[in-house]
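Here the numbering used here = 1-based position in the sequence shown + 3.
Ideal Cβ positions, reconstructed from N, Cα and C, are used throughout, including at glycine.
Before any comments, here is the structure.
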Amino acid sequence: MKITSAEFVISNSDVAKCPDNKLPEYAFIGRSNVGKSSLINMLMQRKNLAKTSGRPGKTQLINHFIINDNWYLVDLPGYGYARVSKSAKKVFQKFITQYFAKREQLVSAFVLIDCRHEPQNMDLDFMRWMGENQIPFSIIFTKADKLKPNAITRNIEAYQQKMLETWDEMPLYFITSSGKSLGRDEVLEYIDTINKELSTS
Ligand code: GTP
Ligand code: MG
4 MKITSAEFVI SNSDVAKCPD NKLPEYAFIG RSNVGKSSLI NMLMQRKNLA KTSGRPGKTQ
64 LINHFIINDN WYLVDLPGYG YARVSKSAKK VFQKFITQYF AKREQLVSAF VLIDCRHEPQ
124 NMDLDFMRWM GENQIPFSII FTKADKLKPN AITRNIEAYQ QKMLETWDEM PLYFITSSGK
184 SLGRDEVLEY IDTINKELST S
């Protein structure tokens, strides 16, 4: 898919105030610092469209971006951000949960996972919650530039094994690097295919 335009629309903490139209929407979620905002910039080939930082907790609101005037990308705060107070964490958690539970326009989410780490309960719990609530998602393994290819393969195999303890099959997954634009075509093709299906159905 060719990106012809990518514009910031609105930030807020209330799902009821998100854009009120029927355009298909794709959301990026995952632990703080996993690379959600960087991935959005990489996909859109725009340096500072979504705000990024080396310190966890940069994205604190639900951020809508309109792409090619016909679909939305959503940048969300991370879950499990350790450096805010417990009460702030609860507030984040609450509007993330409400976003996923209530946002009818959401077509699919991408759950981002740092490819360097072993499966973490926080991510596994979040994906279980998504499954229980029938919210479609695929996985994006991030920061692939930080590992050699065989280490990535090994880690993903370990992930797959862990997922299969509770899931019938491994969700669709992508391997990405925001610095190297790895995985860009695959993720955009996937979104494009769904958008085309939706527009003809
Ligand atoms: P929050 O908004 O805090 O939840 O974080 P986020 O998930 O949006 O992460 P963000 O995109 O802000 O990136 C966090 C840090 O990881 C930054 O220092 C990025 O430069 C770095 N980073 C993101 N993606 C990649 C990647 O693909 N490769 C490498 N090496 N670093 C990355
Ligand atoms: Mg962010």
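- Going by beta carbons, Ala30 and Val94 fall outside the 8 Å limit.
- In this structure, the CA atom of Gln163 is about 32 Å from the CA atom of Ile6.
- Counted as a single uninterrupted DSSP element, the beta strand (DSSP E) harbouring Asn66 occupies residues 65-70.
- Minimum Cα-Cα distance from Met173 among the listed residues Leu191, Met130, Asn153, Lys199 corresponds to Met130.
- A direct Cα-to-Cα measurement between Leu127 and Met166 gives close to 8 Å.
- The C-alpha of Pro80 is placed about 7 Å away from the C-alpha of Lys61.
- Setting aside the 5 residues that flank it on each side, Ala53 is surrounded in the same chain by Ser40, Ile43, Asn44, Asp78, each with a C-beta closer than 6 Å to its C-beta; the list follows chain order.
- For Asp188, the CB stays at least 7 Å from every heavy atom of the ligand MG.
- Contact between the stretch 63-72 and the stretch 146-157 is absent: fewer than 3 CB-CB pairs across the two stretches fall below 8 Å.
- The residue from Thr145, Tyr75, Trp170 with its alpha-carbon nearest to that of Lys25 is Tyr75.
- Taking the Cβ atoms as the reference, Ile159 lies roughly 11 Å from Phe177, outside the contact range of under 8 Å.
- Annotated three-state conformation of Trp74 is strand, per DSSP.
- Within the chosen limit of 7 Å, the ligand MG reaches the beta carbon of Asp78 through at least one heavy atom.
- DSSP lists Val77, Ala112 as the beta-bridge partner residues of Ala30.
- The three-state secondary structure of Leu175, taken from DSSP, is coil.
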